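2 protein chains.
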Amino acid sequence: MKPRHPTLTAECRPISELLARIGDKWSVLVVGLLGDGPLRFSALRRRIDGISQKMLTATLRSLERDGFVTRTVFPTTPPQVEYELTDLGRDLLVPVGALAEWARQNQARVDDARRQFDRQNGVANGRAQASPLSAP
Amino acid sequence: MKPRHPTLTAECRPISELLARIGDKWSVLVVGLLGDGPLRFSALRRRIDGISQKMLTATLRSLERDGFVTRTVFPTTPPQVEYELTDLGRDLLVPVGALAEWARQNQARVDDARRQFDRQNGVANGRAQASPLSAP
DNA sequence: CGGGATCCCGACGGATACTG
DNA sequence: CAGTATCCGTCGGGATCCCG
């Protein structure tokens, strides 16, 4: 079994690191929203239903740290803070958008496979029994 | 359960669900390795440095459940189990490969941005201070 | 050899409450 | 408005033992 693509393992480490950065619960959502243009903190908060202000802050800090987002403070009263994608962030949006498109077009296939798997094994819930993986 | 509102989610929810499935620590690595051809359990274990047998099992179960991987048992002694990508899995490899390629070409830009951010703020570690996000 | 069962810990992430 | 600080539950995931 010789790898026909010798660079595959070399390709997988960067992707793992990238997933460690933006593979969390909210980063991609935020980047996707900012893809339409700059938004203020509350605007993001309102658009992302279910996110806590703590996680939104942390997510934005992380994205800013990795150079995907800029943070601009307007010293008005009350203060305004605007977040905007950098060039790097907009670049990232391309492959992420492709993945999103794939997900949109193939989610039915994945769901079908999952239902079939769950039917063949006696699973009460929608979750693999002895598996700590996968999300609801 | 989390009540999702249809605000933004039309475009971004599929990608979030996909990330919830393959965005974990090992799934993409396994899929990437299987892209070269079927592999046995121990072969995967040996190739993925640092993975525990529990997580490899769980990852493979999850991938099998979602229809990305097939599991074939050969009733030999000792038993052999081979894992192979399905058509869906190979399809997934395309956008994931694109993302991996992006990560490979842009990791320097991300690292530079991160170092600059950490220098501007007084950060002792390589980690954002008040942020629970980002990886070691 | 492949993988199930358990124990355990630290990180992720939600819910307030407080500040400038 | 835009955070920061604190408490706390959940769960990903590593280590270990055991079984067909």
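Protein chains in written order, with the working numbering: chain A, 251 to 386; chain B, 251 to 386. Ideal Cβ positions, reconstructed from N, Cα and C, are used throughout, including at glycine. All values reported here derive from a predicted model rather than from experimental measurement.
- Between Val-278 of chain A and Ile-301 of chain B, the gap from beta carbon to beta carbon reaches 8 angstroms or more.
- What Pro-264 of chain A touches in chain B, judged by beta-carbon distance under 8 angstroms, is Ala-350, Ala-353, Arg-354, Gln-357, going in chain order.
- For Phe-367 of chain A, the enclosing alpha helix (DSSP H) has its first and last residue at 337 to 370.
- Trp-276 of chain B and Thr-309 of chain B have their C-alpha atoms some 7 angstroms from each other.
- Taking a Cβ-Cβ cut-off of 7 angstroms, Pro-288 of chain A has no neighbours in chain B, whose nearest Cβ is about 15 angstroms from it.
- With fewer than 16 other Cβ atoms inside 10 Å of its own Cβ, Phe-324 of chain B counts as exposed.
- In this model, Asp-337 of chain B and Arg-369 of chain A are separated by some 21 angstroms (Cα to Cα).
- With distances taken between CA atoms, Ala-363 of chain A lies nearest to B:Glu-314 out of B:Glu-314, B:Phe-291, B:Gly-273, B:Arg-359.
- Distance from Arg-359 of chain B to Gly-317 of chain A at the Cβ level is roughly 7 angstroms; contact confirmed, criterion being Cβ atoms closer than 8 angstroms.
- The C-alpha of Thr-322 of chain B lies about 6 angstroms from the C-alpha of Tyr-333 of chain B.
- Residue environment for Pro-329 of chain B: exposed (fewer than 16 other C-beta atoms within 10 angstroms of its C-beta).
- Closest option to Phe-291 of chain A, judged by alpha-carbon separation, among A:Arg-311, A:Leu-342, A:Leu-349: A:Arg-311.
- Arg-364 of chain A has a beta carbon lying within less than 8 angstroms of a beta carbon in chain B.
- Distance from the CA atom of Leu-269 of chain A to the CA atom of Gly-273 of chain B, rounded to whole angstroms, is 6 angstroms.
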